[in-house]
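Numbers 30 to 652, taken from this note's numbering, label the letters of the sequence shown in order.
A short worksheet on the structure shown next.
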Amino acid sequence: MGAKRSKYADCDFKGWATKFGILCADGRIIQHGAFDDIDGTKVPLVYNHDHGNINSVLGHAYMECRKDGVYAYGYFNGSDNGQIAKDAVQHGDMDSLSIWANHLQQRGPYVQHGEIKELSLVLAGANPGAYIEDVALAHGDTIDNDDYEAYIYSGEYLEIMHSDEKGEDEVANKSIQDVVDTMTPEQKDAFYMAVGSALAEDPNALEDEDEYEDEDEEDDHDDSEEYEEEDDDEDPDKDDDDSEEYEEEDDDMGAIAHNLFEGNNTDNGDVLSHSEMQEIIEDGKRYGSMKESFLAHGITNIEYLFPDAKNLNTPPEFIARDQGWVTEVMNGVHHTPFSRIKSTFADLREDEARARGYIKGKLKKEEVFSLLKRTTTPQTIYKKQKIDRDDVIDITDFDVIVWLKAEMRMMLNEEIARAVLVGDGRLTSSDDHIKEDNIRPIWKDADLYTIKYPIAITKETTAAEKATAFIEACVRARIDYKGSGNPKLFAPESIITECLLLKDKNGRIIYDNIDKLATACRVSKIVSVPVMEGLSRVDKTDTLALQGIIVNLQDYNIGADKGGAINMFDDFDIDYNAQKYLIETRISGALIKPLSAIAIETKIPTADLSKASAGSGTGVSGN
């Protein structure tokens with residue numbers, strides 16, 4: 030009795046539509062069973078995924094789920110385009126397949142499920158490693174959305190079926206070396222790279238090879254029953270299914286994701302010939318792992334075969350403090366086109382300046398008041414960078430000069446804003462110190478300009494009590510405030526947090542958002558300032574910790590003469606082949622209105638002085 034012909038014996042071609050367990054170029058892996066629902070389904074055969082043109086439909090294909098992937102049996106239609114495509118396949122001009130799938134589900138890099146909607150004949154070159162061209166599929170812990178879809182390219186060669194071909198498929202009993210010898214140079218390079226990819230994922234991948242081979246035999250036998258009913262007694266040596274040929278070849282080929290070889294011209298000694306690679310693979314079983322086999326054969330620098338790391342953020346992201354407060358300061362201050370500032374005031378607060386009553390016959394007394402004057406001069410603030418020109422040329426992923434200049438401008442603005450609020454914190458003896466009589470810090474300005482409001486605390490004062498006292502101080506200090514309009518509160522995040530955590534007697538949060546807290550403190554806005562964290566100063570014998578600054582920055586003037594504004598300078602050092610960049614400004618800064626700022630402070634208890642006295646010659650701790 031003759032064997033029954035295969036179900037799809039009359040197909041025009043067959044081949045792998047997609048493979049499971051392959052590391053894709055974008056880092057994804059199609060899991061086994063991802064397309065089980067497609068088994069036995071007929072889908073359109075399309076040219077190059079052209080879904081908008083009926084003329085691009087070349088025929089149809091039947092999908093068959095196998096252990097290693099989805100196998101396809103293609104039938105061309107009688108249209109002109111279908112026959113043209115058939116001729117191209119038979120002639121070997123086109124030999125690659127691709128699927129379009131939607132309803133994709135993904136967990137991490139693993140695609141777990143999808144529905145294949147069409148099979149395409151594509152021009153893509155043969156590439157044993159599948160890759161996914163994104164349409165809407167995104168990375169994440171779990172993705173499950175009907176809108177997600179992808180083009181999945183297998184790059185597998187097609188096997189052409191002729192009309193006179195027998196139903197029984199011939200099985201190619203090829204060794205690994207036989208397969209390697211039939212490869213093109215590009216395929217051979219990809220094969221060598223596959224070994225490196227396997228090592229990166231599982232150095233002991235070959236340990237269970239025999240087990241997998243046994244499983245393949247069982248699976249092949251099971252699969253063959255659906256399509257062929259063959260008499261084992263008549264042909265005991267005949268393999269059950271034509272799929273074995275492809276499964277064996279694909280097992281030998283491995284999962285290929287990238288070609289790391291940039292040519293065949295290598296001058297070093299770490300070169301793998303075809304015969305050497307065959308020996309290494311065969312010895313892998315005996316040594317227990319591919320890594321040990323490589324080392325035994327004297328192959329060093331195995332890591333050269335590993336895939337290159339992919340950069341996730343180009344250009345590099347800056348790790349910096351929150352810059353929101355810097356914008357508030359730089360945009361809030363008053364600017365003048367001159368840098369030398371002189372302020373003159375008449376102090377009328379003394380009794381001698383008051384108007385007096387007259388008694389007949391008594392001598393009239395002259396009014397007496399004090400004139401107050403101070404002058405503020407500018408200082409240059411700069412930031413300088415250098416980069417080798419060779420590095421500028423070699424960095425091609427992004428514009429390194431633009432990136433470098435952005436960093437310089439960002440850090441210059443931060444330093445100016447810091448100097449305006451609290452000073453730069455450097456020792457007065459440092460050459461890099463921004464002098465406090467050139468850019469006068471609001472916190473440490475004279476009492477005529479900045480009101481110092483202390484909060485009395487003890488060692489037993491709780492965090493909630495400190496927060497409550499801080500809010501009360503903000504309100505009470507406004508009695509003496511003479512600044513413009515409704516000011517803002519600049520404070521460290523720790524103080525703001527404690528205030529937002531305050532609860533009433535029933536355990537309910539009092540201020541459930543920062544706007545309510547701002548209203549309670551009688552300010553228009555609360556701005557978190559990271560550089561204010563942990564700052565303190567010494568006043569005579571007392572150590573005072575800064576809690577917040579209340580000020581309308583329109584009362585603070587930054588002046589710069591013509592040409593003294595922020596400028597960027599470029600220079601090239603021909604002796605050291607280096608590109609140099611300088612950003613600088615020459616400015617002055619000072620409050621120009623008396624009693625226009627409030628500094629809320631707490632006197633640090635004696636027991637805590639050691640924690641707050643971190644070395645600063647100016648008595649300022651923190652960064």
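We treat Cβ as the ideally placed atom computed from N, Cα and C, and that holds for glycine.
Here the structure is a predicted model, which is why all the values come from computation and not from measurement.
Let me know the alpha helix (DSSP H) ranges lying completely inside the segment 408-491, each 4 residues or longer, listed in chain order. Given a length threshold of 4 residues, each whole run of the alpha helix (DSSP H) inside the segment 408-491 is given here in chain order: 418-423 and 429-450.
Measuring only the C-alpha atoms, how far is residue 45 from residue 110? 22 Å
Since residue 473 and residue 452 should fall inside the 8 Å C-beta cutoff, what is the C-beta to C-beta distance between them, to a whole number of angstroms? 6 Å
Three-state secondary structure assigned by DSSP to residue 58: strand
Give every residue of the same chain whose Cβ lies closer than 8 Å to the Cβ of residue 144, excluding the five residues on either side of it in the sequence, and list them in chain order. 64, 66, 67, 130, 131 and 132
Please state if the CB of residue 575 and the CB of residue 489 are separated by a distance shorter than 8 Å. In this structure, residue 489 keeps its C-beta atom at 8 Å or more from the C-beta atom of residue 575.
Using the Cβ count rule (16 or more neighbours within 10 Å means buried), how would you classify residue 381? exposed
Could you give the DSSP three-state label for residue 560: helix, strand or coil? helix
On a Cα-Cα basis, can you pick out the residue from 95, 77, 393 and 116 that is closest to residue 147? Ranking the options by Cα distance to residue 147, first place goes to 77.
In terms of DSSP beta bridges, what is residue 73 paired with? 89
Beta carbon of residue 595, beta carbon of residue 450: below 8 Å? no
My guess is that residue 607 and residue 339 are in contact by the Cβ rule of under 8 Å, so how many angstroms apart are they, rounded? Actually they do not touch by this definition, with Cβ atoms about 30 Å apart.
What does DSSP give as the partner residue(s) for residue 620 in the beta ladder? 585
Note the first and the last residue of the continuous beta strand (DSSP E) segment covering residue 565. 565-568
Which partner residues does residue 67 have in the DSSP bridge list? According to DSSP, which records beta bridges pairwise, residue 67 is partnered with nothing at all.
Please return the same chain residues whose Cβ sits closer than 7 Å to the Cβ of residue 497, not counting the five positions on each side in sequence. Non-local beta-carbon contacts of residue 497 in its own chain, meaning distances under 7 Å to residues more than five positions away in sequence, involve 531 in chain order.
What would DSSP say about residue 362, mapped onto helix, strand or coil? Of the three classes helix, strand and coil, the one that applies to residue 362 here is coil, per DSSP.
Three-state secondary structure (DSSP) at residue 499? helix
Please name the residue in 123, 135 and 615 whose C-alpha comes closest to that of residue 464. 615
Here's the rule: buried if 16 or more other CB atoms are within 10 angstroms of the residue's CB, otherwise exposed. What is residue 555? buried
Does the contact criterion of 3 or more C-beta pairs under 8 Å hold for the segment 520-534 versus the segment 357-375? no
For residue 654 and residue 346, what's the separation of their Cα atoms in angstroms? The question about residue 654 has no answer here: the residues shown for the chain are numbered 30 through 652.
Taking the alpha helix (DSSP H) that residue 118 belongs to, which residues open and close that run? Annotation: the continuous alpha helix (DSSP H) that includes residue 118 extends over 109-120.
Between residue 73 and residue 89, how many whole angstroms is the CB-CB distance? I'm expecting something under 8 Å. The pair is a contact, with the Cβ atoms about 6 Å apart (cut-off 8 Å).
State the beta-bridge partners of residue 406 as determined by DSSP. None, per the DSSP bridge assignment.
By the 10 Å Cβ neighbour count, where 16 or more other Cβ atoms means buried, how is residue 561 classified, buried or exposed? buried
Neighbourhood of residue 461 by C-beta distance below 7 Å, restricted to the same chain and skipping five residues each side: Sequence-distant Cβ neighbours of residue 461 in its own chain, meaning closer than 7 Å and more than five residues away, are 455.
So residue 582 and residue 550 are supposed to be a Cβ contact under 8 Å. How far apart are they, rounded? The Cβ separation is near 17 Å, so there is no contact.
Among 98, 401, 406 and 604, which residue has its Cα nearest to the Cα of residue 588? 406
Exposure of residue 149, with buried meaning 16 or more beta-carbon neighbours within 10 Å: buried
Put residue 353 into one of helix, strand or coil per three-state DSSP. helix
Under a Cβ-count criterion, where at least 16 other Cβ atoms within 10 Å of its own Cβ denotes burial, should residue 355 be classed as buried or exposed? buried
Contact check, residue 124 vs residue 48 under 8 Å by CB: the rounded distance? Not confirmed; about 16 Å, so no contact.
Proximity winner among 593, 539 and 612, relative to residue 599 (alpha-carbon distances): 612
Alpha-carbon to alpha-carbon, residue 628 and residue 565: 12 Å
Identify which residue in 617, 584, 597 and 610 has its Cα closest to the Cα of residue 624. 584
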